[in-house]
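FYI, the numbering for the sequence shown is 18 to 224, going by this note's numbering.
Cβ atoms here follow ideal geometry from the backbone N, Cα and C, with glycine treated the same way.
Below you'll find the structure, written out as structure tokens, and then a few comments.
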Amino acid sequence: MNIRDIMRSAPVMPVIVIERLDDAVPLARALVAGGIRVLEVTLRTAVAMDAIKAIADSVPEAIVGVGTVTSPEQFAQVKAAGAKFAVTPGLTDELAEAAKLAGMPLLPGVMTPSEVIAALRHGFDAMKLFPAEQAGGLNMLKALGGPFPNVLFCPTGGVTLDSAPKLLALPNVGCVGGSWLVPKDKVAGGDWAGITQLAAEAAALRP
Ligand code: 3PG
Numbered sequence: 018m019n020i021r022d023i024m025r026s027a028p029v030m031p032v033i034v035i036e037r038l039d040d041a042v043p044l045a046r047a048l049v050a051g052g053i054r055v056l057e058v059t060l061r062t063a064v065a066m067d068a069i070k071a072i073a074d075s076v077p078e079a080i081v082g083v084g085t086v087t088s089p090e091q092f093a094q095v096k097a098a099g100a101k102f103a104v105t106p107g108l109t110d111e112l113a114e115a116a117k118l119a120g121m122p123l124l125p126g127v128m129t130p131s132e133v134i135a136a137l138r139h140g141f142d143a144m145k146l147f148p149a150e151q152a153g154g155l156n157m158l159k160a161l162g163g164p165f166p167n168v169l170f171c172p173t174g175g176v177t178l179d180s181a182p183k184l185l186a187l188p189n190v191g192c193v194g195g196s197w198l199v200p201k202d203k204v205a206g207g208d209w210a211g212i213t214q215l216a217a218e219a220a221a222l223r224p
């Protein structure tokens with residue numbers, strides 16, 4: 018699956034932070050039950066790598082990827098754990114090369130036109146606009162569509178259920194990213210039904 022196909026698999030890519038390994042599989046199942054199959058598990062906690070492996074092994078309906086990749090060595094590690102794609106908050110030459118070497122579909126983070134040009138030079142035409150709201154949100158995406166009509170974006174950072182529909186209506190937005198589907202209190206309390214409900218609302222953003 019290439020990164021554009023992954024972006025089209027669901028309107029919202031949840032940005033997931035797993036604190037307890039035992040939460041990984043029920044959380045993934047709850048999101049999938051609501052219609053959200055593409056999951057970005059961020060490398061922000063000690064159990065993240067094991068969480069990716071657990072989801073890849075036990076939730077075959079999920080398309081599990083890894084987020085917050087910031088060093089080149091991580092690509093081979095997450096690929097071995099079962100990640101199907103990677104997301105980075107920004108892009109360096111080293112990250113681009115390592116993703117290619119690992120054969121890992123990558124959604125690189127960009128925030129400026131110069132960064133879009135650099136990502137295009139590395140062969141990426143789908144990018145995460147991060148942090149999206151802080152970068153200008155809807156108006157920034159409209160403006161980037163002028164010089165870069167063929168770049169597909171996944172705005173992430175400050176996106177909400179309320180702001181997502183307008184973003185998704187733009188021709189250069191393939192999906193949006195956000196953490197609102199996985200509120201900390203619901204995960205900590207094991208409120209999987211509540212998370213399925215949030216996922217279902219998000220999945221319905223694109224009929
Ligand atoms: C992140 O990397 O944490 C994402 O940008 C999520 O941002 P959000 O919490 O504003 O959705």
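Residue 57 counts as buried, since at least 16 other C-beta atoms from the protein chains shown sit within 10 angstroms of its C-beta. Residue side-chain check: residue 140 keeps its Cβ at 6 Å or more from all non-hydrogen atoms of the ligand 3PG.
DSSP places residue 145 in the uninterrupted beta strand (DSSP E) bounded by 143-146.
The three-state secondary structure of residue 128, taken from DSSP, is coil. Near the ligand 3PG, meaning a Cβ closer than 7 Å to any of its heavy atoms, lie the following residues in chain order: 32, 59, 84, 85, 106, 147, 148, 173, 174, 175, 176, 194, 195, 196, 197. When only Cα atoms are considered, residue 21 and residue 182 end up about 19 Å apart. Counting of Cβ neighbours within 10 angstroms places residue 201 among the exposed residues, the total staying below 16. The way I'd put it, the segment 30-37 does touch the segment 55-70; three or more beta-carbon pairs between them come closer than 8 Å.
Here the C-alpha atom of residue 222 lies approximately 7 Å from the C-alpha atom of residue 28. Nearest to residue 171 by C-alpha distance, out of 130, 24, 109, is 24.
For residue 82, the enclosing beta strand (DSSP E) covers residues 80-84. According to DSSP, residue 123 shares a beta bridge with 103. Across the set 99, 94, 155, the C-alpha of 99 shows the shortest separation from the C-alpha of residue 73.
For residue 154, no beta strand (DSSP E) encloses it; the enclosing alpha helix (DSSP H) starts and ends at 154-161.
For residue 45, the number of other beta carbons within 10 angstroms of its own is at least 16, and it is reported as buried. In this structure, residue 49 lies near residue 78, with their beta-carbon atoms less than 7 Å apart.
Under the three-state reduction of DSSP output, residue 36 falls in the coil class, being neither helix nor strand. Taking C-beta atoms as the reference points, residue 51 and residue 205 fail to come closer than 7 Å.
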